[in-house]
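In the numbering used here, the protein residues as written are 156 to 275.
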């Protein structure tokens with residue numbers, strides 16, 4: 156979220172500040188609006204997808220309220236969008252300080268599963 160770590164944000168080509176407590180619907184709507192713009196502008200040869208688990212609602216440091224299902228939908232949308240334009244993707248896992256470590260593992264594992272399902 157806009158108030159989440161890091162507190163001083165670098166300026167990028169497209170910044171989307173989400174409020175604390177952003178849920179699946181708000182987050183995914185913002186992603187669906189912004190990602191096509193980014194992919195079109197960048198004309199990149201490679202996407203590096205930082206698949207963070209910190210937007211999860213039970214993350215001890217995050218300020219968003221996404222569910223595992225919402226994070227899975229995020230992963231699927233990002234990876235399908237890249238695949239649709241033939242853009243190779245390097246996926247990195249990041250963040251994830253859920254109260255239960257198994258939640259963080261589940262979130263990262265579902266990223267791997269959707270990537271494998273899509274043949275990436």
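All C-beta atoms in this analysis are idealised placements derived from N, C-alpha and C, irrespective of residue type, glycine included.
ask   = Cα separation between residue 252 and residue 213?
value = Answer to the nearest angstrom: the Cα atoms are 8 Å apart.
key: Backbone secondary structure at residue 247 - three-state DSSP   = If DSSP states are grouped into helix, strand and coil, residue 247 belongs with the strands.
request  = Going by CA-CA distance only, name the one from 226, 231 and 163 that's closest to residue 177.
outcome  = 226
query = Can you name the residues that DSSP bridges to residue 178?
reply = Residue 178 is bridged to 220.
task = Run the CB neighbour count on residue 250, radius 10 Å, all protein chains shown included, and call it buried at 16 or more, exposed below.
result = buried
inquiry  = So residue 202 and residue 242 are supposed to be a Cβ contact under 8 Å. How far apart are they, rounded?
reply    = 5 Å
key: 8 Å contact criterion, which residue 247 and residue 205 should meet: CB distance rounded   = 5 Å
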